[in-house]
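2 protein chains.
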Amino acid sequence: MSKQPRLVSTICEFREAIGLARREGKRIGLVPTMGALHEGHLSLVGAARAECGFCAVTIYVNPSQFGPRDDYARYPRSLEADLEALARGKADLVFAPGDGEVYPPGYSTWVEPPAVAAPLEGRHRPGHFRGVTTIVLKLLNMAGADAAYFGQKDYQQALVIRRMVEDLNVPIAIRVLPTVREADGLAMSSRNRYLTAAERQQAVILWQSLCLARDLVARGERRAAAVVERVQSLILSVRPARIDYVALVHPETLEPVGEIRQPSLATLAVVIGRTRLIDNVLLEPPAHPS
Amino acid sequence: MSKQPRLVSTICEFREAIGLARREGKRIGLVPTMGALHEGHLSLVGAARAECGFCAVTIYVNPSQFGPRDDYARYPRSLEADLEALARGKADLVFAPGDGEVYPPGYSTWVEPPAVAAPLEGRHRPGHFRGVTTIVLKLLNMAGADAAYFGQKDYQQALVIRRMVEDLNVPIAIRVLPTVREADGLAMSSRNRYLTAAERQQAVILWQSLCLARDLVARGERRAAAVVERVQSLILSVRPARIDYVALVHPETLEPVGEIRQPSLATLAVVIGRTRLIDNVLLEPPAHPS
Chain D
0 MSKQPRLVST ICEFREAIGL ARREGKRIGL VPTMGALHEG HLSLVGAARA ECGFCAVTIY
60 VNPSQFGPRD DYARYPRSLE ADLEALARGK ADLVFAPGDG EVYPPGYSTW VEPPAVAAPL
120 EGRHRPGHFR GVTTIVLKLL NMAGADAAYF GQKDYQQALV IRRMVEDLNV PIAIRVLPTV
180 READGLAMSS RNRYLTAAER QQAVILWQSL CLARDLVARG ERRAAAVVER VQSLILSVRP
240 ARIDYVALVH PETLEPVGEI RQPSLATLAV VIGRTRLIDN VLLEPPAHPS
Chain B
0 MSKQPRLVST ICEFREAIGL ARREGKRIGL VPTMGALHEG HLSLVGAARA ECGFCAVTIY
60 VNPSQFGPRD DYARYPRSLE ADLEALARGK ADLVFAPGDG EVYPPGYSTW VEPPAVAAPL
120 EGRHRPGHFR GVTTIVLKLL NMAGADAAYF GQKDYQQALV IRRMVEDLNV PIAIRVLPTV
180 READGLAMSS RNRYLTAAER QQAVILWQSL CLARDLVARG ERRAAAVVER VQSLILSVRP
240 ARIDYVALVH PETLEPVGEI RQPSLATLAV VIGRTRLIDN VLLEPPAHPS
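In order, the protein sequence lines correspond to chains D and B.
Just so we're aligned, residue 0 is where the first sequence starts under numbering that gives the first Met the number 0, counting upward by one.
Just so we're aligned, residue 0 is where the second sequence starts under numbering that gives the first Met the number 0, counting upward by one.
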């Protein structure tokens, strides 16, 4: 059994623990999470430890990034299991604050996110990224870390945060690590645990449809509309699936791509039963299409 | 002749110079300005030096805090004279970036200011405080200072910044220093240099009217409306004066005060000719009014 990381719940304790690590000469890697941890999170912890020497994990289900129809109330909370996982992952410090510590009475400052927050998730979840940029900036300021770690599964989130950090001159490196997948390809996500056994099997259609997009482009298809149509058809072949969006976009601007001549991001949001899942993959057109 | 402070124009040089001072064991005091420096600014420089040991001054006329009808184009720029003044004031470092360094192409992240930004200046200058919070957060992040210094003349600005720093957990102390005044009481301001000789004489009415408010309250007047009316009448006795607002407000919430039973802020914005001036004073009601 591994030693559990130190758990703190106030900003003051969090800063003191980080200051202590700094005085021991360590660099600080930060992994912001909403808990319900899985192997994707643990890969971030591993990278933070390897690159910085000290890994601080925050666990906070941030109410301001959930819309009124989102799953804030039922979002999984599992602190005990998370601490066990972080012990295995050798995290050094865990910060799990309450709402009053993060948003005290009278709280009223928000970060209006950069332009890349507007399409895709931003369009389907109004206000979501304003909550994300605000909580992430707050956590970065609390931690004063050297680097913060995010997963590529939430591609747009990582891009929004990277742009915010650049625009606001936050002195931190943003690192984005590859999506970790189940054996059948489903991207790991805290929301996967909402799925029934039948839905879990159906959910693999997200990854299968992204693989289809990748294969079409690798075989020379350059018309984004044709790729999107094939992806949509495949997803809709699964009975309880509802598409929020399927899009091929520029990986930096997130603007729709017409013809696939440069690396492009295929990204989608699909509702399986009651559970909304997202995934994405970078498409690399061949230099000399057949 | 005093030695001029080091002048840098890129964020990279600015950070390096501050890092150097830190490695010499100094604490860092930051004085953000728009240049056109006067004794008010120099009092902030003196406090930063005394309290931190190292004073960095930023000089940047921030376009995003000026509205379309504001005086951005004619705002005074006087870098040579400013550097002379900062040499006398013994500032250590001056950062004077260009627009492209602060807002590079594609810039799109903004800080939505806290609730105290809504009334008074916020109401009369829509968007002003969004520009202020954004540039100040950027400068704080660039400098990584221990403390930042602001003048009480811009009372609401200082309050907005203090709230933003608290809300976003920025690790810095915000210090607010008393307004520095000319011999006749006019608050020092870069915009005073817009005034014609005749207007300069008339402008003293701002301070005189605040003194009237202070005297009325000291003599036992508790009705805010009565104080505001007397102040307005006095100001309007000066021919070219136009009132933007005269208000008695709670010093922390900036909400209007009805009866003056606690310390309250008298604050006003008055246009003299083409020049908009602001000033304020804290009113302390007597414990036992006569």
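For glycine and all other residues, C-beta sits at the position ideal for the given N, C-alpha and C.
Just so we're clear, the structure is a prediction, and the values are computed from it rather than from any experiment.
Residues of chain D with CB under 7 Å from residue i, in chain order?
i, result
"Y106 (chain B)", "D166"
"A114 (chain B)", "S107"
Please list, in chain order, the chain D residues whose beta carbon lies closer than 9 Å to that of residue i.
i, result
"I10 (chain B)", "N168"
"E254 (chain B)", "None at all; the shortest Cβ gap to chain D is about 12 Å."
"E220 (chain B)", "Here the premise fails: no neighbours, minimum Cβ distance about 30 Å."
Which residues in chain B have a C-beta closer than 7 Å to the C-beta of residue i? List them in chain order.
i, result
"L264 (chain D)", "By Cβ distance, chain B contributes nothing, its closest Cβ being about 18 Å from L264 (chain D), past 7 Å."
"E198 (chain D)", "Neighbours of E198 (chain D) on chain B: none; closest Cβ ~37 Å, over 7 Å."
"E120 (chain D)", "Correct list: empty, because the minimum Cβ distance to chain B is about 16 Å."
Please determine, among the options, the residue with the shortest C-alpha to C-alpha distance to residue i.
i, options, result
"I277 (chain D)", "D:R241, D:Q261, D:P284", "D:R241"
"E258 (chain B)", "B:W109, B:A246, B:R221", "B:R221"
"S188 (chain D)", "D:E38, D:C11, D:R26", "D:E38"
"V299 (chain B)", "B:P112, B:E228, B:V270", "The question about residue 299 (chain B) has no answer, for chain B in this structure spans 0 to 289."
"L167 (chain D)", "D:Y102, D:L185, D:L136", "D:L136"
"P125 (chain B)", "B:N61, B:G184, B:D69, B:R5", "B:D69"
"G150 (chain D)", "D:C11, D:V280, D:P284", "D:V280"
"L211 (chain D)", "D:A225, D:T274, D:A80", "D:A225"
"G272 (chain D)", "D:R180, D:L235, D:T252", "D:L235"
"A46 (chain B)", "B:T252, B:R174, B:F128, B:Q231", "B:R174"
"L215 (chain B)", "B:P96, B:R229, B:L205, B:K89", "B:R229"
"A147 (chain B)", "B:L282, B:R14, B:I27", "B:I27"
"L92 (chain B)", "B:V270, B:A16, B:P62, B:V245", "B:A16"
"E254 (chain B)", "B:A114, B:Q156, B:G97", "B:A114"
"Q207 (chain B)", "B:V30, B:A182, B:K25, B:R192", "B:A182"
"K2 (chain D)", "D:G88, D:I160, D:L29", "D:G88"
"F128 (chain B)", "B:E283, B:A90, B:F53, B:A157", "B:A157"
Straight-line CA distance for residue i to residue j?
i, j, result
"S8 (chain B)", "L78 (chain B)", "12 Å"
"N140 (chain B)", "A84 (chain D)", "34 Å"
"V44 (chain D)", "L176 (chain D)", "11 Å"
"T274 (chain D)", "A197 (chain D)", "13 Å"
"Y59 (chain D)", "G121 (chain D)", "21 Å"
"G180 (chain D)", "L194 (chain D)", "Checking the sequence shown, residue 180 (chain D) turns out to be Arg, not Gly. Using only the alpha carbons, I get a separation of about 16 Å."
"R73 (chain B)", "F65 (chain B)", "11 Å"
"A268 (chain D)", "P262 (chain B)", "55 Å"
"L209 (chain B)", "A265 (chain B)", "7 Å"
"A49 (chain D)", "A80 (chain B)", "51 Å"
"R162 (chain B)", "T108 (chain D)", "8 Å"
"S42 (chain D)", "Y244 (chain B)", "57 Å"
"Q200 (chain D)", "Y106 (chain B)", "43 Å"
"V56 (chain D)", "A20 (chain D)", "14 Å"
"A116 (chain D)", "D153 (chain D)", "12 Å"
"N239 (chain D)", "V270 (chain D)", "Per the sequence shown, residue 239 (chain D) should be read as Pro rather than Asn. In a straight line, the C-alpha of P239 (chain D) is about 8 Å away from that of V270 (chain D)."
"R190 (chain D)", "G143 (chain D)", "29 Å"
"L138 (chain D)", "V227 (chain B)", "44 Å"
"R14 (chain D)", "V110 (chain D)", "22 Å"
"V131 (chain B)", "R76 (chain B)", "18 Å"
"Q155 (chain D)", "Q231 (chain D)", "20 Å"
Would you mind telling me which residues of chain B sit closer than 8 Å to residue i, beta carbon to beta carbon, in chain order?
i, result
"L30 (chain D)", "The sequence given here places Val at residue 30 (chain D); Leu does not occur at that position. Residues of chain B passing the Cβ test: none, with the nearest at roughly 18 Å."
"M187 (chain D)", "Correct list: empty, because the minimum Cβ distance to chain B is about 29 Å."
"M163 (chain D)", "T108"
Which class does residue i belong to by DSSP, given the choice of helix, strand or coil?
i, result
"P31 (chain B)", "strand"
"D98 (chain D)", "helix"
"I171 (chain B)", "coil"
"E23 (chain D)", "coil"
"P62 (chain D)", "helix"
"Y106 (chain B)", "coil"
"L215 (chain B)", "helix"
"A16 (chain B)", "helix"
"L253 (chain B)", "coil"
"T266 (chain B)", "strand"
"I259 (chain B)", "coil"
"V131 (chain D)", "helix"
"V159 (chain D)", "helix"
"L364 (chain B)", "Because residue 364 (chain B) is not part of the residues shown, which for chain B are 0 to 289, the question remains open."
"V7 (chain D)", "strand"
"E181 (chain B)", "coil"
Who are the neighbours of residue i on chain D, taking C-beta pairs under 8 Å?
i, result
"E100 (chain B)", "What E100 (chain B) touches in chain D: nothing, since even the nearest Cβ is about 10 Å away."
Along chain B, which residues have their Cβ under 9 Å away from the Cβ of residue i?
i, result
"E15 (chain D)", "Ordered by position in chain B, no residue passes the 9 Å Cβ test against E15 (chain D), which lies about 12 Å from the chain."
Check: Of the residues that make up the stretch 127-148 of chain D, which ones have a beta carbon closer than 7 Å to any beta carbon in chain B?
Finding: L136, K137, N140, M141, G143
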